[in-house]
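Just add 9 to wherever you are in the sequence shown, counting from 1, and you've got the working numbering.
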Amino acid sequence: MATQTKTLMQAIAIDAYGGLDKLWLRELPIPEPKADEVRVRVRAAGVGIWDAMQRTGAFPPDHESFPMIVGAECSGTIDAIGVNLRGPLHVGDEVYTYFYGDGGAYAQFVCVKGDYAALKPRISRFLKRPPFRSTELPHTKRSLTDCTSRPDRPC
Numbered sequence: 010m011a012t013q014t015k016t017l018m019q020a021i022a023i024d025a026y027g028g029l030d031k032l033w034l035r036e037l038p039i040p041e042p043k044a045d046e047v048r049v050r051v052r053a054a055g056v057g058i059w060d061a062m063q064r065t066g067a068f069p070p071d072h073e074s075f076p077m078i079v080g081a082e083c084s085g086t087i088d089a090i091g092v093n094l095r096g097p098l099h100v101g102d103e104v105y106t107y108f109y110g111d112g113g114a115y116a117q118f119v120c121v122k123g124d125y126a127a128l129k130p131r132i133s134r135f136l137k138r139p140p141f142r143s144t145e146l147p148h149t150k151r152s153l154t155d156c157t158s159r160p161d162r163p164c
């Protein structure tokens with residue numbers, strides 16, 4: 010039997026700017042890294058005030074298009090590397106990222122510029138507190154697991 014390559018991923022995306030009711034679980038194509046990017050298989054995504062600003066349109070991305078995957082920080086494992094990247098990052102490396110621009114951390118995979126990914130400290134676990142701390146506000150503490158358990162409802 011031939012193996013089938015997975016081409017779709019789950020992601021939390023918006024179809025228009027607005028409140029929490031605009032967040033939906035979607036199946037979208039897995040992104041391919043550009044020449045200067047790495048693709049990260051996301052293990053944990055951070056939630057910060059800037060994500061709410063992006064969702065409402067107060068902090069728009071570099072390339073606005075919908076559906077738009079929100080999220081600006083995550084950690085995970087590199088599973089693909091762009092053709093022009095040289096240096097310390099390799100497939101299989103555990104990394105954390107913080108990036109501006111188009112967002113996309115609320116997904117199973119995200120592509121980021123190689124400069125925006127750093128090796129995750131070995132002592133840091135994926136699902137514990139990340140190596141940096143974002144502003145903790147009550148409206149940013151909503152569990153993203155609500156979205157995966159209820160894909161037919163807003164997140």
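Every residue, glycine too, gets a C-beta built ideally from N, C-alpha and C.
- With DSSP as the reference, label K122 as helix, strand or coil. In the three-state DSSP reduction, K122 falls in the strand class (E or B).
- For L167, count neighbouring C-beta atoms within 10 Å of its own C-beta (all shown protein chains included) and say buried if the count is 16 or more, exposed if not. Outside the shown range of the chain (10 to 164) lies residue 167, about which nothing can therefore be said.
- Residue-level contact to chain C via CB, T86, 8 Å cutoff: Protein chain content of the structure displayed is limited to a single chain, and chain C is not contained in it.
- Message: Can you find the residues in the same chain that come closer than 8 Å, C-beta to C-beta, to A44, ignoring five residues on each side of it along the sequence?
- Response: G91, V92, N93, L94, listed in sequence order.
- Query: Who are the Cβ neighbours of P42 in its own chain at under 7 Å, not counting the five residues just before and after it?
  - Reply: If we look at P42 and ignore the five residues flanking it on each side, its Cβ neighbours are R48, A89, I90, G91, C120.
- Message: I'd like the span of the alpha helix (DSSP H) that includes R64, first residue to last.
- Response: Unbroken alpha helix (DSSP H) run through R64: 58-65.
- Query: Do P70 and G123 have their C-beta atoms within less than 8 Å of each other?
  - Reply: In this structure, G123 does not lie closer than 8 Å to P70 by Cβ.
- Message: Check this for me: beta carbons of A20 and A116, under 8 Å apart or not?
- Response: Yes. Within cutoff.
- Query: With a CB to CB cut of under 8 Å and the five nearest residues on each side skipped, what residues in its chain are close to G96?
  - Reply: The answer, listed in chain order, is G123.
- What does DSSP give as the partner residues of Y105 in its beta bridges? S84, A127.
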